[in-house]
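Enquirer:
What follows is the structure, given as structure tokens:
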């Protein structure tokens, strides 16, 4: 068997326009922006949440269908003293969910017990017999966690028998027929309004706990006491660490590190994980296996008891039992793996199968899934392992991308007694005598769906870089993407044509590869764990392509950069050869290279880095600066100062051709102000079809949101175009043609460009950002009426107002900012010494003002500030011979009232009026905002 299987490298593409916008707006490196796009984070709004969002970003539990009814029934049971049974599952997700809900119910004074079915004796799911036993024992309410959604029959039987009542909380795929329970909590229900669908079972239990605690009079933040359990179960269940899962895990890791409960502290101690090393990887590979081992070997109750334990001595005893069970599991697993490898070695024909099918009477059914996964990784082939017992076989399978295991078993169902699962994993049972028939049938099927050579594993590379890009700052930036796990993997970069200066095997057994490499004059160390078998491939001086994760190497108190090498291969070719199409983060591209829509977005990507600053400013800011540039105060400034106020766009109006006199029916107003998940909600609206006009606050946002919709909506999003005032006439003609022909049905634009929809009606108007002033709001109202829209959706919220307030702070520098600017000028930042250097002075002063604490400062802030200082007699422009500002010393003790500056008064009044207006748009009723027929 080969020690290392050659991989196909697939480099993920990133939308260049979105990449530039993310890097510019968030002040991050293009590499980090690229990696955010790879993870499906397409907008600045989503990126801010991804990088720094906290628990406040989580949706309200009441949005989950069935929540009110579930809370009502549980609260009634607590109040009346009814016996409540929490029914869980034997994996780590089910174990943590069980412990969490039991803890919460005990906190609220409920009479609560729990039940975990035996993996080997009962199997997964809610069993009718257990409900019968619960009824006989006097339980009037059963609450499932991490199971039950597919057990309609068991719940129906309980209903017919007169109890107990059942509340289902689950996160698995929803069948067509739901259980007739008192309430069903599952965000995957088709009509469930909860925006995040990927919660683990413990995540759903946490949402129920949050709502129940508040309903029973606990503090609003009481649910956060259980974030440690939610973190543990979420990581263990290998759900995507994106969205709410990532927020829960990020917050939960901090709680977990504190070892808040005796049980969790004992689990940490037994696992040997230091608190400072606790991350998602440690949870997944050290803590979770100890919980899972209990369920795999037969009885998960000790794991639940550990998490519920409050006594240190008892907790250490239980943690020791789990440790022993985990070692036993590892030994059993190693034995099964060794036997499976021996079987393949002894039977070359079987080892050559497209699907490896192995069976043995000595195998433990609780570990064959893990072993199947390891064999699949090693051979990169689908694997079915079957534990035989008394003429029956219980099997577990794992598969590679491109071979849908559930469909394969469905094709071979005549040989099976039962089966279930999904594309990558499945479980099944069959008579022992049918094992060889199953092997033959599934391999025939594999030959039909995977013809040709056996597939090679794929290595997804985030981005191609140069070694010059690797720096401490980049590593610090990449750490912002943590916690890493399923759906949010460790960053993997690649560098092509690297010269290997030295390589050798290192480590106790020489299994690891130590490298010294150079590229473009930059030399770096690298370490490849378990890659020592590549030494013969890597001749000193050879050109290689490296796939790696940049990291810090801490040794003897020093910190150095190091490449954690994941794969390598002979290099020296063109980097483009690596740039395989990627169907994930890059999104579906146009079918033709010269597609009109594609050309529109390609031109935007080329234009943005060269664009005027004004292209990135909200409309109300641009209009205010344009107004000031025409004032007498601006006339007194030198040209290089006035340039900071921006250049008027080439297109003053919108697309031509609308019927300005069109009368419309009453508008239906949909108020979604302040609701979370705005980009995804808009994508869902667009995906539903119908022509849509989306209004944003600045020109670059038209490109950003239109690009996002093209990625987020594979079908409807392809017909999205954008329009802003800096496009040339040729592009505007193209947009008109696309809208008129119906090839485009979604237009993203700014209010000042929205007067037209190319003579075609728009079914709905989405106000994505709050108009910054009354004039802009009037543009929105007029656009909605001219477009003949039947509905207007208000999607903006307080975060938009906060960002607008930052622009207003830049437009209207306060006394402190002006004092800092005067100090910088008086310290000799100097006059511009040559033609064109006034722009350099503006840039330098802006950067220095930001470092001095005025983080909102822009170049126009400096220009306006100098105008104020000049009007107060603290700054002078020489009457002859140039533009150089000269600071004039103020008399000791003399105060210059800011009201003496016309520029200052204008800016402060603008700020006051705009803030009042923004508050009005956030708080006023929709009827007030949209006068007339609604």
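In full-length UniProt numbering, the protein residues as written are 1 to 934. C-beta: ideal position from N, C-alpha, C; glycine also.
Note the first and the last residue of the continuous alpha helix (DSSP H) segment covering residue 228.
Expert: As a first step, residue 228 must be located in the chain shown, where it is residue number 228. Start and end: 227-236.
Enquirer: Can you tell me the Cβ-Cβ gap for residue 767 and residue 692, rounded? I've got them flagged as a contact below 8 Å.
Expert: Here the question's residue 767 lines up with position 767 in the chain shown. Here the question's residue 692 lines up with position 692 in the chain shown. Not a contact, Cβ separation roughly 12 Å.
Enquirer: To the nearest angstrom, how far is it from the Cα of residue 749 to the Cα of residue 699?
Expert: As a first step, residue 749 is located in the chain shown; it is residue number 749 there, counting from the start. As a first step, residue 699 is located in the chain shown; it is residue number 699 there, counting from the start. If you take the alpha carbons of residue 749 and residue 699, they lie about 7 Å apart.
Enquirer: Looking only at its own chain, which residues have a Cβ that is under 6 Å from the Cβ of residue 183, when we skip the five neighbours before and after it?
Expert: For the purposes of this step, residue 183 is taken as the residue at position 183 of the chain shown. Correct list, in chain order: 66, 69, 70 and 167.
Enquirer: What did DSSP end up calling residue 430 once you bin it into helix, strand or coil?
Expert: In the chain shown, counting from the first residue as 1, residue 430 sits at position 430. Three-state result, residue 430: strand.
Enquirer: Is the CB-CB distance between residue 179 and residue 155 below 7 Å?
Expert: As a working mapping, residue 179 is identified with position 179 in the chain shown. As a working mapping, residue 155 is identified with position 155 in the chain shown. Closer than 7 Å, so yes.
Enquirer: DSSP three-state call for residue 881: helix, strand or coil?
Expert: Position 881 of the chain shown holds residue 881. Its pLDDT being 46, under 50, residue 881 is placed unreliably in this model, and the value from its coordinates should be taken loosely. Residue 881 falls in the coil class under three-state DSSP.
Enquirer: Looking only at its chain, what residues have a beta carbon closer than 6 Å to the beta carbon of residue 394, apart from the 5 residues adjacent to it on each side?
Expert: What you label residue 394 is simply residue 394 of the chain shown in a count that begins at 1. Cβ neighbours of residue 394 beyond the five flanking positions: 365, 387 and 429.
Enquirer: Can you give me the Cβ contacts of residue 926 inside the same chain, cut-off strictly under 6 Å, excluding the 5 residues immediately before and after it?
Expert: Looking up residue 926 in the chain shown gives position 926. The answer, listed in chain order, is 669 and 671.
Enquirer: Under the assumption that residue 459 contacts residue 8 (Cβ atoms under 8 Å), give the Cβ distance between them as a whole number of angstroms.
Expert: Taking the chain shown and counting its residues from 1, one reaches residue 459 at position 459. Taking the chain shown and counting its residues from 1, one reaches residue 8 at position 8. That pair is a contact at about 7 Å.
Enquirer: Looking at the structure shown, is residue 103 part of a helix, part of a strand, or coil, going by DSSP?
Expert: The residue given as residue 103 occupies position 103 in the chain shown. It is helical.
Enquirer: Could you tell me the distance, in whole angstroms, from the CA atom of residue 454 to the CA atom of residue 740?
Expert: In the chain shown, residue 454 corresponds to position 454, counting from 1. In the chain shown, residue 740 corresponds to position 740, counting from 1. Residue 454 and residue 740: Cα-Cα distance of roughly 49 Å.
Enquirer: Use the C-beta contact count for residue 504: other C-beta atoms within 10 angstroms, 16 or more gives buried, fewer gives exposed.
Expert: Numbered from its first residue, the chain shown carries residue 504 at position 504. That one is exposed.
Enquirer: Alpha carbons only, please: which of 10, 204, 108 and 257 is nearest the one belonging to residue 244?
Expert: On the chain shown, residue 244 is found 244 positions in, with the first residue counted as 1. The residue with the shortest Cα to Cα distance from residue 244 is 204.
Enquirer: Within the chosen definition, does the stretch 486-503 reach the stretch 537-556 through at least 3 CB pairs nearer than 8 Å?
Expert: With a cut-off of 8 Å, the stretch 537-556 and the stretch 486-503 count as touching, because enough Cβ pairs lie within range.
Enquirer: Confirm, please, whether the CB-CB distance from residue 751 to residue 776 is below 7 Å.
Expert: Against the chain shown, residue 776 aligns to sequence position 776. Against the chain shown, residue 751 aligns to sequence position 751. Result yes, Cβ atoms of residue 776 and residue 751 sit closer than 7 Å.
Enquirer: Inspect the beta-carbon positions of residue 115 and residue 85 and report whether they are closer than 7 Å.
Expert: Counted from its first residue, the chain shown places residue 115 at position 115. Counted from its first residue, the chain shown places residue 85 at position 85. Yes, the pair counts as a contact, with Cβ atoms nearer than the cut-off.
Enquirer: DSSP has residue 485 in a bridge; who is on the other side?
Expert: For the purposes of this step, residue 485 is taken as residue 485 along the chain shown, with counting starting at 1. Per DSSP, 488.
Enquirer: Which class does residue 917 belong to by DSSP, given the choice of helix, strand or coil?
Expert: Walking along the chain shown from the start, residue 917 turns up at place 917. Three-state result, residue 917: helix.
Enquirer: For residue 210 and residue 242, I'd like the C-alpha separation in whole angstroms.
Expert: Against the chain shown, residue 210 aligns to sequence position 210. Against the chain shown, residue 242 aligns to sequence position 242. Cα to Cα, the separation comes out at about 21 Å.
Enquirer: For residue 519, which residues does DSSP report across the bridge?
Expert: For the purposes of this step, residue 519 is taken as the residue at position 519 of the chain shown. 522.
Enquirer: Within the continuous beta strand (DSSP E) that includes residue 442, where are the two ends?
Expert: Taking the first residue of the chain shown as 1, we reach residue 442 at position 442. First-last for residue 442: 435-449, but that is the alpha helix (DSSP H), not the beta strand (DSSP E).
Enquirer: Would you identify the three-state DSSP class for residue 43, choosing helix, strand or coil?
Expert: Along the chain shown, one-based indexing puts residue 43 at 43. In this structure, residue 43 counts as coil in the three-state DSSP scheme.
Enquirer: Can you tell me which residues form a DSSP beta bridge with residue 550?
Expert: Locating residue 550 in the chain shown gives position 550, counting from the first residue. Beta-bridge pairing links residue 550 to 563.
Enquirer: What residues in its chain sit with their C-beta under 8 Å from that of residue 377, if we drop five residues either side in the sequence?
Expert: Counting from one through the chain shown, the residue named residue 377 turns up at place 377. Cβ within range, chain order: n/a, list empty.
Enquirer: Do the CB positions of residue 172 and residue 199 come within less than 7 Å of each other?
Expert: Numbered from its first residue, the chain shown carries residue 172 at position 172. Numbered from its first residue, the chain shown carries residue 199 at position 199. For residue 172 and residue 199, no; Cβs fall outside 7 Å.
Enquirer: Beta carbon of residue 17, beta carbon of residue 694: below 7 Å?
Expert: Position 17 of the chain shown, counting from 1, holds the residue named residue 17. Position 694 of the chain shown, counting from 1, holds the residue named residue 694. It is not a contact, given that the beta carbons lie outside the stated cut-off.
Enquirer: Is residue 324 buried or exposed, if buried means 16 or more other CB atoms sit within 10 Å of its CB?
Expert: Position 324 of the chain shown, counting from 1, holds the residue named residue 324. The residue is exposed, with fewer than 16 neighbouring Cβ atoms inside 10 Å.
Enquirer: Can you give me the C-alpha to C-alpha distance between residue 607 and residue 617, rounded to a whole angstrom?
Expert: Position 607 of the chain shown, counting from 1, holds the residue named residue 607. Position 617 of the chain shown, counting from 1, holds the residue named residue 617. Each residue's Cα considered, the two are about 16 Å apart.
Enquirer: Assign residue 453 to one of three DSSP states: helix, strand, or coil.
Expert: Within the chain shown, numbered from 1, the residue matching residue 453 stands at position 453. Note: residue 453 maps to coil in three-state DSSP.
Enquirer: Check the DSSP bridge columns for residue 9 and list the partner residues they point to.
Expert: Looking up residue 9 in the chain shown gives position 9. 459, per the DSSP bridge assignment.
Enquirer: Less than 7 Å between C-beta atoms, sequence neighbours within five positions excluded: which residues of the same chain meet that for residue 383?
Expert: Walking along the chain shown from the start, residue 383 turns up at place 383. 356, 372, 375, 376, 397 and 398.
Enquirer: DSSP puts residue 737 in a beta bridge; with which residues?
Expert: Mapped onto the chain shown, residue 737 falls at position 737. Answer by DSSP bridge pairing: none, since residue 737 is not bridged.
Enquirer: Give me the Cα-Cα distance between residue 103 and residue 212, rounded to the nearest whole angstrom.
Expert: Locating residue 103 in the chain shown gives position 103, counting from the first residue. Locating residue 212 in the chain shown gives position 212, counting from the first residue. So the two alpha carbons sit approximately 12 Å from each other.
Enquirer: Please work out which residues of its chain come closer than 6 Å, Cβ to Cβ, to residue 478, disregarding the five sequence neighbours upstream and downstream, and give them in chain order.
Expert: Within the chain shown, numbered from 1, the residue matching residue 478 stands at position 478. Correct list, in chain order: 491.
Enquirer: Taking contact to mean 3 or more Cβ pairs, one atom from each stretch, closer than 8 Å, check whether the stretch 672-683 and the stretch 795-814 are in contact.
Expert: Yes, the stretch 672-683 touches the stretch 795-814.
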